[in-house]
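A.B. asks:
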Amino acid sequence: MTTGMDRFAALMSGQTPDRVPIICNLLDQGARELGVSLREYYSRGELVAEGQLRMREKYGYDTLLGMFYSALEAEIMGCRTIVYADDGPPNVGHLVIHTPEDINKLHLPDDLHAHPRFRELATCIGILKRESAGRWPVLGVVTASFSLPAMLMGIGQWLDLFLSGDPELRNRLLELCSQFCSRQIVALREAGADLIVYVNPVASATFITPQKSREVALPWVIKDLEVPGASGVVFFNGGGRINPILADVQSHTGIGAYYLNPFDDIGEARAILGPQALIAGAINDIRLIDWSTDEIDREVERIMHAGKQAGGFLFGTLLMPFRIPDENIKALVDAAIRHGAYAGNRP
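When you read off a place in the sequence shown, starting at 1, and then add 38, the result is the number in this note's numbering.
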């Protein structure tokens with residue numbers, strides 16, 4: 039049996055796998071699989087790992103996601119309240135930074151494994167790594183230093199600070215966030231993550247101009263990866279368009295894989311990046327809540343056609359909403375398997 043790791047390995051060595059690898063970013067749905075609340079589900083790494091393993095087996099995609107929820111990073115940085123919903127991801131309920139003085143008080147854990155929430159995440163990744171037995175890549179996820187402040191102080195305050203605030207205060211905050219990001223990458227790899235998904239929405243062209251991204255955000259991408267290195271790092275759009283910043287990121291960081299926004303053109307990305315980089319094209323998974331199975335099939339076929347022409351291609355989702363019907367998740371993966379098969383490997 040060809041595994042997800044086989045497919046990734048083929049792409050990374052410049053060969054063509056039997057079909058396009060499929061990344062299906064299901065998170066909260068694991069609680070539904072286990073019949074527990076989201077609060078209980080995310081309380082223990084063992085539960086999240088079990089949910090991830092069951093969902094990969096159920097739907098048949100190619101990766102395992104070693105992630106709880108984005109707000110976990112804020113929790114480790116001092117957020118005291120996480121707000122749980124019945125049908126969506128847990129969110130920050132307490133901003134760590136309210137005043138400039140709070141930035142100076144910000145403290146990083148010396149050892150991430152000493153934090154109980156990170157220990158649960160590391161437990162989850164360790165189980166996924168063991169149970170995968172080299173068959174399915176385990177993905178770890180970090181928020182870039184340039185985007186993490188949005189979770190700590192709110193996106194509006196962060197935009198104000200880096201666009202027109204005190205440069206010394208801004209750089210102090212970014213330095214702390216960069217140290218945290220770098221330590222996380224190292225710790226996630228130690229826990230067993232095969233690939234690191236590096237999420238940087240605020241640096242995207244959806245939030246700021248490419249020139250501003252080059253001037254203010256790019257130096258921190260470089261710094262985040264200075265110690266842990268760019269090997270196995272995937273630059274993830276985080277919900278924003280990244281084609282306008284691809285050339286800068288690639289030429290200055292050595293990152294070899296890029297996870298596009300649904301509104302980024304796949305062919306354009308290939309022209310920018312050249313033949314060596316891997317490209318993941320993403321479906322607009324919010325639409326999966328309401329789309330019919332025929333609409334899903336047509337959109338997957340369109341993305342796969344563009345991706346196969348580009349080469350070095352993976353098919354992916356963003357973070358899939360909890361309200362996507364089960365039959366639509368199945369339809370998505372089934373369509374990706376069917377339309378992603380290369381000649382001679384049709385199912």
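Quick reminder that beta carbons are idealized off the backbone N, C-alpha and C, glycines included. Treat the numbers as computed from the prediction; the structure is a model and nothing was measured.
With 16 as the cutoff for other CB atoms within 10 Å, does M105 come out buried or exposed?
C.D. replies: buried
A.B. asks: Keeping to the same chain, check which residues put their C-beta closer than 6 Å to that of I165; ignore five residues upstream and five downstream.
C.D. replies: Counting only residues of its own chain and dropping the five nearest sequence neighbours on each side, I165 has a CB closer than 6 Å to the CB of A87.
A.B. asks: Which residues mark the beginning and the end of the beta strand (DSSP E) in which G104 is found?
C.D. replies: 102-104
A.B. asks: Is the beta carbon of P55 sitting closer than 9 Å to the one on L49?
C.D. replies: yes
A.B. asks: Within the continuous alpha helix (DSSP H) that includes A348, where are the two ends?
C.D. replies: It spans 331-348 - the alpha helix (DSSP H) in which A348 sits, taken as one unbroken run.
A.B. asks: Can you tell me whether L85 is helix, strand or coil according to DSSP?
C.D. replies: helix
A.B. asks: Which word fits E228, buried or exposed, when buried means at least 16 other C-beta atoms lie within 10 angstroms of its C-beta?
C.D. replies: exposed
A.B. asks: State the Cα-Cα distance for the pair L311 and S75, rounded to the nearest angstrom.
C.D. replies: 43 Å
A.B. asks: Rounded to whole angstroms, how far is the Cβ of Q327 from the Cβ of R361, which I believe are closer than 8 Å?
C.D. replies: Checking the sequence shown, residue 327 turns out to be Ile, not Gln. Rounded, the Cβ-Cβ distance is 5 Å, consistent with contact.
A.B. asks: Could you please give the first and the last residue of the uninterrupted alpha helix (DSSP H) stretch that includes Y79?
C.D. replies: 76-79
A.B. asks: Per DSSP, which one or two residues make a beta bridge with T181?
C.D. replies: V237
A.B. asks: Is S216 buried or exposed, if buried means 16 or more other CB atoms sit within 10 Å of its CB?
C.D. replies: Buried, since its Cβ has 16 or more Cβ neighbours within 10 Å.
A.B. asks: To the nearest angstrom, report how far apart F46 and P59 are at their CA atoms.
C.D. replies: Their Cα atoms are separated by approximately 7 Å.
A.B. asks: What does the Cβ neighbour count give for D232, buried or exposed, with the cut at 16 atoms within 10 Å?
C.D. replies: buried
A.B. asks: Mind checking who L316 pairs with in its DSSP beta bridge?
C.D. replies: A295
A.B. asks: Taking the beta strand (DSSP E) that V272 falls in, what are its first and last residues?
C.D. replies: 271-274
A.B. asks: With the cut-off set at 9 Å, would you say I304 and I341 are in Cβ contact?
C.D. replies: Cβ distance < 9 Å, so I304 and I341 count as in contact.
A.B. asks: Give me the DSSP bridge partner(s) of F156.
C.D. replies: DSSP output for F156 lists no bridge partner at all.
A.B. asks: Going by Cα to Cα distance, which pick from D140, A318, G276 is closest to G349?
C.D. replies: The shortest C-alpha separation from G349 is found at A318.
A.B. asks: Based on Cα-Cα distance, which residue from Q347, I193, E337, G98 lies nearest to H136?
C.D. replies: Here the closest residue by C-alpha is I193.
A.B. asks: Would you call the CB atoms of L207 and I120 closer than 9 Å?
C.D. replies: no
A.B. asks: Does the pairing of the region 232-247 with the region 153-161 give three or more beta-carbon distances under 8 Å?
C.D. replies: no
A.B. asks: Of all the options P266, F351, T247, K250, which has the alpha carbon lying nearest to the alpha carbon of Y297?
C.D. replies: F351
A.B. asks: Which one or two residues does DSSP pair with G354 in a beta bridge?
C.D. replies: Bridge pairing for G354: I61, A320 [DSSP].
A.B. asks: Is the CB of D124 under 9 Å away from at least one CB in chain D?
C.D. replies: The chain inventory of the structure shown lacks chain D, comprising one protein chain alone.
A.B. asks: Enumerate in chain order the residues of its own chain whose CB-to-CB distance from Q288 is below 7 Å, with the five nearest sequence positions on each side excluded.
C.D. replies: L311, A315
A.B. asks: By the three-class DSSP mapping on this structure, what secondary structure does V224 have?
C.D. replies: helix
A.B. asks: What is the C-beta distance between F184 and A241, in whole angstroms, given that I count them as a contact (C-beta under 8 Å)?
C.D. replies: 5 Å
A.B. asks: Does DSSP put V130 in a helix, a strand or coil?
C.D. replies: strand
A.B. asks: Please list, in chain order, all residues of the same chain as T41 whose beta carbon is under 7 Å from its beta carbon, the five residues on each side excluded.
C.D. replies: R173, W174
A.B. asks: Please go through the same chain and pick out, in chain order, the residues whose beta-carbon is closer than 7 Å to the beta-carbon of Y410, but skip the five residues on each side of it.
C.D. replies: Because the chain here runs from 39 to 385, residue 410 falls outside it and cannot be looked at.
A.B. asks: Given a cut-off of 9 Å on the beta-carbon distance, is the pair L177 and L110 in contact?
C.D. replies: no
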